[in-house]
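K.L.:
The structure's right below; bear with me while I get my questions together.
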Amino acid sequence: MLRLPRLDYLRPRSIEEATELAAQNPGAMFIAGGTDLVPNLKRRQFDVTTLISLNALPGARWIEGDAKRGVTIGAGATLDELAHHDVLDGPYRALAQACGSVSTPQVRYMGTLGGNLLVDPRCNYYNQTYSWRKAVGFCMKKDGDICLVARSSPRCWAVSSSDSAPAALSLKASVTMQGANGTRRIPAETLYRDDGIDYTTKAADEIITRVELPAPEGRMTSAYWKLRRRPAFDFPILGVAVAITWDDGVVREACGALGAVGSHPVDITTFLAPLRGKRPADDLLAEVAQAADKPSRPLDNTDLSHYWRKRMSKVYIERALRDACGLDPLAGRLTAQVATR
Ligand SMILES: Cc1cc2nc3c(=O)[nH]c(=O)nc-3n(C[C@H](O)[C@H](O)[C@H](O)COP(=O)(O)OP(=O)(O)OC[C@H]3O[C@@H](n4cnc5c(N)ncnc54)[C@H](O)[C@@H]3O)c2cc1C
Ligand code: SF4
């Protein structure tokens, strides 16, 4: 059985106390649901001496607003709450679908939105026990100095594996963080860096306090599609989130992002621009999806073949687009091409 290392466990009662404790304890980490952090600690993926629990912070677990005013979500809201909340059962459906697709019910009851946005990027050579990693000589993400996926690479290519991150980008969410030096609010997109190790712009003492989803201009629909080996359990090996605003049956704007195809969630909004001002038809959606898979660059460091994951990118983009357009997601041209090969 894998055991946790010896740790100090602090349970602050206010955000101010929590950020102060983090500033005073370099190397400390926050823990919310612990569903990502605890297994990682058991595998010695971090050297942490102190955990600062966010569970006793007041007012962390709430959801308020509506599509007219926009929705604000406390970072401590659980994935299960978000997956079933009425407020997310409309324009913001992509986020509910993303949260509902995370792992198992047990993990969704404990896992929080804040923790999900900050899931540690994953890699087959890293999410292993200490003795496994030692046997292969370690890698630069922890304890080693080379990348075992791309040996001459100066950087780590661990994969952004959060389901909610691409949904947050597609819905133009903003993230509020409070640290020892004050509070700031940033677009979800700028929370991430394209780096498998230093993957977030959040400072160590900053706590994500809330996520805001702006009110759409007019009618909006959205969808999240996720590829993985076991639908009841696994991390994404591809995630596609899209959000479309409408003007009388015509696309006003389409936004989208891919998950699990790089070290950060990848914005594909510019590739969806040809949909603007058009009524979505089968051929147009297939063409746009085909082009929008360009920035999908899966490497051979997560589950299943990366060639196949790349081929599935356009198929899943088409499915997500069709879903958001109210069309049968599985009746698209690209799905038919995959099925006949
Ligand atoms: C078997 C299994 C399957 C999983 N499958 C999936 C999956 O399919 N998709 C997926 O996205 N995830 C998956 N996960 C990962 C994880 O369960 C979820 O991402 C979950 O939402 C993490 O939330 P948490 O509250 O448990 O975070 P924690 O584990 O407590 O924390 C995760 C990280 O976020 C930081 N953190 C947490 N909250 C805050 C905050 N408010 N402010 C600042 N920092 C914070 C922590 O310091 C840590 O670095 C899986 C985990 C397991 C064990
Ligand atoms: S991508 Fe390379 S450096 Fe990063 S975790 Fe994997 S093997 Fe290690």
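Residue numbers (the working numbering): 146 to 486. Every residue gets a Cβ at the ideal spot worked out from N, C-alpha and C, and that includes glycine.
Taking C-beta to C-beta, are R364 and T390 nearer than 8 Å?
P.N.:
Residue 364 sits at position 219 when you count from the first residue of the sequence shown. Residue 390 sits at position 245 when you count from the first residue of the sequence shown. Contact: yes.
K.L.:
Check for me: the alpha helix (DSSP H) holding S276 runs from which residue to which?
P.N.:
The count along the sequence shown starts at 1 and reaches residue 276 at position 131. Element bounds for S276: Y275 to A280.
K.L.:
Among the candidates A348, L449, K347 and K439, whose CA atom is the shortest distance from the CA of R374?
P.N.:
Along the sequence shown, read from residue 1 onward, the residue named residue 374 stands at position 229. Of the listed residues, the one whose Cα sits closest to R374 is L449.
K.L.:
Near ligand 2, which residues have their beta-carbon closer than 6 Å to a heavy atom?
P.N.:
C268, Y270, Y271, C284, M285, K286, C292, L293, V294, C301, W302, A303, G341 and N446
K.L.:
Would you check whether ligand 1 has a heavy atom nearer than 7 Å to the C-beta of D438?
P.N.:
By 1-based counting over the sequence shown, the position of residue 438 is 293. Outside the cutoff, so no.
K.L.:
How many angstroms separate the CA atom of I291 from the CA atom of I160?
P.N.:
Within the sequence shown, numbered from 1, the residue matching residue 291 stands at position 146. Within the sequence shown, numbered from 1, the residue matching residue 160 stands at position 15. If you take the alpha carbons of I291 and I160, they lie about 38 Å apart.
K.L.:
Figure out for me which residue from N446, V385 and H409 has the closest Cα to the Cα of L417.
P.N.:
As a working note, residue 417 is residue 272 in the sequence shown. Considering only alpha carbons, the answer is V385.
K.L.:
Looking at the strands, I want to know which residues DSSP matches up with F175.
P.N.:
Mapped onto the sequence shown, residue 175 falls at position 30. Here F175 is bridged, per DSSP, to I197.
K.L.:
Please identify the residue among G324, A360 and K459 whose C-alpha is closest to the C-alpha of P479.
P.N.:
Along the sequence shown, read from residue 1 onward, the residue named residue 479 stands at position 334. Before going further, note that residue 479 is Leu rather than Pro in the sequence given. It is K459.
K.L.:
At what residues does the alpha helix (DSSP H) containing E162 begin and finish?
P.N.:
Here the question's residue 162 lines up with position 17 in the sequence shown. Residues I160 to Q169.
K.L.:
For T328 versus I382, is the C-beta distance shorter than 8 Å?
P.N.:
The count along the sequence shown starts at 1 and reaches residue 328 at position 183. The count along the sequence shown starts at 1 and reaches residue 382 at position 237. Not a contact, by the Cβ cut-off of 8 Å.
K.L.:
In whole angstroms, give me the CA-to-CA distance for E351 and D393.
P.N.:
Taking the first residue of the sequence shown as position 1, residue 351 is located at position 206. Taking the first residue of the sequence shown as position 1, residue 393 is located at position 248. Those two C-alpha atoms are separated by around 43 Å.
K.L.:
Drop a sphere of 10 angstroms on the beta-carbon of Q251, count the other beta-carbons inside from all chains shown, and report buried for 16 or more, exposed for fewer.
P.N.:
What you label residue 251 is simply residue 106 of the sequence shown in a count that begins at 1. Exposed: under 16 other Cβ atoms inside 10 Å.
K.L.:
Does the Cβ of V252 lie closer than 7 Å to at least one heavy atom of ligand 1?
P.N.:
In the sequence shown, counting from the first residue as 1, residue 252 sits at position 107. For ligand 1, at least one heavy atom lies less than 7 Å from the Cβ of V252.
K.L.:
Count the other CB atoms, across all protein chains shown, that sit within 10 Å of the CB of N326; report buried if there are 16 or more and exposed otherwise.
P.N.:
In the sequence shown, the residue the question calls residue 326 occupies position 181. The residue in question, N326, is exposed, as its Cβ has fewer than 16 Cβ neighbours within 10 Å.
K.L.:
Of the residues D473, V193, D181 and A205, which one's Cα is nearest the Cα of Q323?
P.N.:
Counting from one through the sequence shown, the residue named residue 323 turns up at place 178. Q323 has its Cα closest to that of A205, out of D473, V193, D181 and A205.
K.L.:
If I measure Cβ to Cβ from Y369 and keep anything under 6 Å in the same chain, skipping five residues before and after, which residues do I get?
P.N.:
Start at 1 with the first residue of the sequence shown, and residue 369 comes out as number 224. Only A239, Q242, A243, A312 and A386 meet the Cβ criterion.
K.L.:
What number of angstroms, rounded off, separates the C-alpha of L444 from the C-alpha of R158?
P.N.:
In the sequence shown, residue 444 corresponds to position 299, counting from 1. In the sequence shown, residue 158 corresponds to position 13, counting from 1. About 42 Å.
K.L.:
Would a check of beta-carbon distances place T328 closer than 8 Å to chain C?
P.N.:
Here chain C cannot be found, since the structure has a single protein chain.
K.L.:
Report the start-end ranges of each alpha helix (DSSP H) in the stretch 295-350 that is 4 residues or longer and not cut off at the edges.
P.N.:
309-315
K.L.:
To the nearest angstrom, how far is the alpha carbon of A426 from that of T366?
P.N.:
For the purposes of this step, residue 426 is identified with residue 281 of the sequence shown, where counting begins at 1. For the purposes of this step, residue 366 is identified with residue 221 of the sequence shown, where counting begins at 1. About 16 Å.
K.L.:
Taking 7 Å as the cut-off, is the C-beta of I353 nearer than that to any heavy atom in ligand 1?
P.N.:
Residue numbering aside, residue 353 sits at position 208 when the sequence shown is read from its first letter. Yes, since a heavy atom of ligand 1 falls inside the 7 Å radius drawn around the Cβ of I353.
K.L.:
Here's the rule: buried if 16 or more other CB atoms are within 10 angstroms of the residue's CB, otherwise exposed. What is E209?
P.N.:
Mapped onto the sequence shown, residue 209 falls at position 64. Exposed, because fewer than 16 other Cβ atoms sit within 10 Å of the Cβ of E209.
K.L.:
For ligand 1, is there a heavy atom less than 7 Å away from the beta-carbon of L449?
P.N.:
As a first step, residue 449 is located in the sequence shown; it is residue number 304 there, counting from the start. Incorrect: L449 has no Cβ contact closer than 7 Å to ligand 1.
K.L.:
In angstroms with no decimal places, state the Cα-to-Cα distance between N272 and N185.
P.N.:
Start at 1 with the first residue of the sequence shown, and residue 272 comes out as number 127. Start at 1 with the first residue of the sequence shown, and residue 185 comes out as number 40. Distance between the alpha carbons of N272 and N185: 7 Å.
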